[in-house]
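Residue numbers (the working numbering): 641 to 728. Comments concern the structure below.
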Amino acid sequence: MDLEPQHVRETKRQKELSDLIAQGKVPHEVELQNHPEKSLQGLSWLMGRVAGSINDIKLAKDIVDELVNTAASSLKSASSLQVVRPKL
């Protein structure tokens with residue numbers, strides 16, 4: 641299997657892609673209709689390799705709140721490890 645990231649793949653199909661988009665068609669769906677055997681091969685590029693680890697869909701607010709709370713907790717824990725040296 642080719643492990644090259646999708647964004648660095650170069651194809652000579654830009655005109656074809658532009659035409660499909662102009663017709664209101666999704667190029668990936670058209671490609672799968674024409675070549676159903678490529679379905680599994682293309683999934684990892686469309687979703688990413690870590691998409692399988694997503695178990696639920698969260699609101700952006702919930703994600704940001706979780707990030708902020710985790711950061712605050714981490715900073716609080718780290719500050720308790722700080723050794724205060726007396727000033728002489």
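Note that beta-carbon positions come from the ideal geometry of N, C-alpha and C, so glycine has one too.
For residue i, is the classification buried or exposed, using 16 other Cβ atoms within 10 angstroms of its Cβ as the cut-off for buried?
{"i": "Met641", "result": "In this prediction, Met641 has a pLDDT of 49, which is less than 50 and means its spatial position is unreliable; nothing more can be read from the coordinates."}
From residue i to residue j, what does the alpha carbon distance come to, in whole angstroms?
{"i": "Leu672", "j": "Lys701", "result": "35 Å"}
{"i": "Leu707", "j": "Ser693", "result": "18 Å"}
{"i": "Val666", "j": "Ser679", "result": "14 Å"}
{"i": "Ala711", "j": "Leu728", "result": "34 Å"}
{"i": "Pro726", "j": "Ser719", "result": "17 Å"}
{"i": "Glu669", "j": "Val704", "result": "33 Å"}
Under three-state DSSP, which class holds residue i?
{"i": "Met641", "result": "Residue placement at Met641 is poorly supported in this model, since its pLDDT is 49, which falls under 50; the coordinates are not used for a value here."}
{"i": "Thr710", "result": "helix"}
{"i": "His675", "result": "coil"}
{"i": "Val723", "result": "coil"}
{"i": "Leu657", "result": "helix"}
{"i": "Leu680", "result": "helix"}
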